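Residue numbers (our numbering): 8 to 524.
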């Protein structure tokens, strides 16, 4: 249970290590005591152990892996041409009647979105940190507490031959001392391959104490006499040495002060946010509360649901988190709740006014309507030409024969897969390609035009062992394990008679869901 808590990223402080104060703050903000959290975590761990029991040692049938592998790894080679919208060079000037009809048929395109005027206050640890002073004594104390962080432990790259018999260990060391290569002797006499022998870079703590002492007392290149431990006889070779050391306080003083100021600011924003809410609870408005606490009041005259202003320009510098979603989930004339802005800040906002969606006057957007009409006509022209090419291929014509007439360039694309394609053939076109017979063509909208692909060759997946087949087997194993675990949990719930109070769940998470929406 302790390891599970310590390994949680959300409980780590600035140094990357477990921070008990942060742990307590997160539990408190979620209405949990340490005892309740530990009890809940213990139950979760026991459940995981129970569920994993049924899936341990699971073996995926080879025939199933083979069938899925053949399906996934099959590829196809195609010839393609791209018909760009710009290929429709001439588009006649639209009449006013045509523009008005296009405007009426596409009103949603020319409708201004809902805008909201917002007043807000942010409490940001980064801003507070700039005004936070750190004394020399505090900085030195923080450095002393974080000394391990600024200390690089001595490391050594080592090899090990581990044997159970002392006589064989003596034979191995004599072979090496007689000039034999460590890895060669390990393989030929000890029957241990390179993967077993290479321990890589290790610190003193990574080795058993009676092995670590002689290894870290040896020089680079040394081969040590057999060392006895509870595991057997160790023959160690020191391949490389990386000395350790500790950074001096004066070398990291600026970073220590900056981190300490930020940590103090993080602690301060919780207190500041509580004081702000107390002011609001006493009847103050957001600007009044901000004024009493010395916080800046900011305003947005208009912002839509995608974060653009009335001119269509993206609004920058907003608080982190779901600020826009919060603004659109708050009623006009109301304050939002004090909301977390990332991991080191809060914000609260007031919706000053709402401007509902409205169709823009035709006269104001006539130029935009004309541009959209021309783009639509160009797209129609490109689509028509692509359809002509597909029809020509169906009649037996090659792409190369008609390329000059259609003013397109023929390009070969090999190795098209069913999924995760990049470049000229996307997944939508690939899906159509895998339904074609040799010599047939298909077309798909890609970017600013249409791409036509003609199937030239079907490449079957390679048979036999491969890295892709190995990865697939692992994926299928994990899927089966998850299925078995889910079935066990469902069976236990059915047997015990677990009921879920859906209305209580909806009530508990309703507010959060609305913000996410």
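By construction, the Cβ of each residue, glycine as well, lies at the ideal position given by its N, Cα and C atoms.
Model, not experiment: these values are computed from the prediction.
Outcome for residue 153 when other beta-carbon atoms lying within 10 angstroms are tallied against a minimum of 16: Against the chain shown, residue 153 aligns to sequence position 146. With 16 or more Cβ atoms within 10 Å of its Cβ, residue 153 is classed as buried.
Own chain, CB closer than 6 Å to residue 518, minus 5 neighbours either side, in chain order: As a first step, residue 518 is located in the chain shown; it is residue number 511 there, counting from the start. The predicted model places residue 518 with a pLDDT of 48, which falls under 50 and marks its position as unreliable, so this point remains unresolved.
Contact under 9 Å by Cβ, residue 4 with residue 136: The question about residue 4 has no answer, for the chain in this structure spans 8 to 524.
Residue 520, buried or exposed, once every other Cβ within 10 Å from all chains shown has been counted against 16: Residue 520 sits at position 513 when you count from the first residue of the chain shown. Note that residue 520 has pLDDT 48, beneath the 50 cutoff, so the model's placement of it is unreliable and no number is given.
Classification of residue 313 by the beta-carbon crowding that lies within 10 angstroms, buried from 16 upward: Numbered from its first residue, the chain shown carries residue 313 at position 306. So residue 313 ends up on the exposed side.
Residue 460, buried or exposed, once every other Cβ within 10 Å from all chains shown has been counted against 16: In the chain shown, the residue the question calls residue 460 occupies position 453. When all chains shown are included, residue 460 counts as buried.
Buried versus exposed call for residue 92 [16 or more other C-beta atoms within 10 Å across all chains shown]: Counted from its first residue, the chain shown places residue 92 at position 85. Residue 92 is buried by the Cβ-count criterion.
Under the three-state DSSP convention, the category residue 329 falls into: Working through the chain shown from its first residue, we reach residue 329 at position 322. Coil, per DSSP.
Local Cβ density within 10 Å of residue 524, reported as buried at 16 or more and exposed below that: What you label residue 524 is simply residue 517 of the chain shown in a count that begins at 1. Low confidence applies to residue 524: its pLDDT is 46, below 50, so where it sits in the model is not reliable enough to give any reading.
Coil, strand or helix - residue 323 by DSSP: By 1-based counting over the chain shown, the position of residue 323 is 316. Three-state result, residue 323: coil.
Anticipated Cβ contact below 8 Å, residue 475 with residue 80, distance rounded: By one-based count along the chain shown, residue 475 stands at place 468. By one-based count along the chain shown, residue 80 stands at place 73. That belief holds up - the Cβ atoms of residue 475 and residue 80 are roughly 6 Å apart, short of 8 Å.
Residue interval of the beta strand (DSSP E) (run including residue 466): Here residue 466 refers to the residue found at position 459 of the chain shown. Note, residue 466: beta strand (DSSP E), 456 to 466.
Identity of the residue in 483, 53, 281, 28 nearest residue 11 by Cα: In the chain shown, residue 11 corresponds to position 4, counting from 1. Of 483, 53, 281, 28, the residue nearest in Cα terms is 53.
Buried versus exposed call for residue 111 [16 or more other C-beta atoms within 10 Å across all chains shown]: Locating residue 111 in the chain shown gives position 104, where the first residue counts as 1. By the neighbour-count rule (16 or more Cβ atoms within 10 Å), residue 111 is not buried but exposed.
Per DSSP, cross-strand counterpart(s) of residue 252: Residue 252 sits at position 245 when you count from the first residue of the chain shown. Answer by DSSP bridge pairing, in chain order: 159.
Selected residue, minimal CA-CA separation from residue 306, among 281, 329, 334, 287: Position 299 of the chain shown, counting from 1, holds the residue named residue 306. Measuring from the Cα of residue 306, the nearest candidate turns out to be 334.
Rounded distance between the beta-carbons of residue 217 and residue 242, thought under 8 Å: Within the chain shown, residue 242 is the residue found at index 235, counting from 1. Within the chain shown, residue 217 is the residue found at index 210, counting from 1. No, residue 242 and residue 217 are not in contact; Cβ-Cβ is about 14 Å, not under 8 Å.
Touching by the beta-carbon criterion (3+ pairs, under 8 Å), the stretch 188 to 203 and the stretch 170 to 180: yes
Beta-carbon spacing of residue 49, residue 8 below 9 Å: On the chain shown, residue 49 is found 42 positions in, with the first residue counted as 1. On the chain shown, residue 8 is found 1 positions in, with the first residue counted as 1. Yes; because the gap between Cβ atoms is below 9 Å, this pair is in contact.
Helix, strand or coil at residue 396 [DSSP, three-state]: Position 389 of the chain shown holds residue 396. In the structure shown, residue 396 sits in a helix (DSSP, three-state: H, G or I).
Whether residue 32 touches residue 353 by CB criterion (9 Å): In the chain shown, residue 32 corresponds to position 25, counting from 1. In the chain shown, residue 353 corresponds to position 346, counting from 1. The answer is no: Cβ separation not under 9 Å.
Member of 72, 73, 89, 41 whose CA lies at the smallest distance from the CA of residue 407: Taking the first residue of the chain shown as position 1, residue 407 is located at position 400. In terms of Cα proximity to residue 407, the closest of 72, 73, 89, 41 is 89.
Rounded separation between residue 174 and residue 198 - CA only: For this step, residue 174 is matched to residue 167 along the chain shown. For this step, residue 198 is matched to residue 191 along the chain shown. For residue 174 and residue 198, the distance between alpha carbons rounds to 15 Å.
Validate contact between the stretch 163 to 172 and the stretch 245 to 262 using beta carbons, cut 8 Å, 3 pairs: Short answer: they touch.
Under 9 Å between C-beta atoms of residue 215 and residue 238: Here the question's residue 215 lines up with position 208 in the chain shown. Here the question's residue 238 lines up with position 231 in the chain shown. Yes, the pair counts as a contact, with Cβ atoms nearer than the cut-off.
Limits of the beta strand (DSSP E) - the one that residue 349 falls within: Within the chain shown, residue 349 is the residue found at index 342, counting from 1. Note, residue 349: premise wrong, no beta strand (DSSP E); not H, not E.
Sub-9 Å separation of residue 466 and residue 422 beta-carbons: Looking up residue 466 in the chain shown gives position 459. Looking up residue 422 in the chain shown gives position 415. Yes, Cβ-Cβ distance for residue 466 and residue 422 is below 9 Å.
Opposing strand residues paired with residue 205 [DSSP bridges]: The count along the chain shown starts at 1 and reaches residue 205 at position 198. Partner(s): 166.
Endpoints, alpha helix (DSSP H) assigned at residue 109: Position 102 of the chain shown, counted from the first residue, corresponds to residue 109. Here the alpha helix (DSSP H) through residue 109 covers 103 to 112.
Where residue 422 falls: helix, strand or coil (DSSP): Counted from its first residue, the chain shown places residue 422 at position 415. Three-state DSSP puts residue 422 in a strand.
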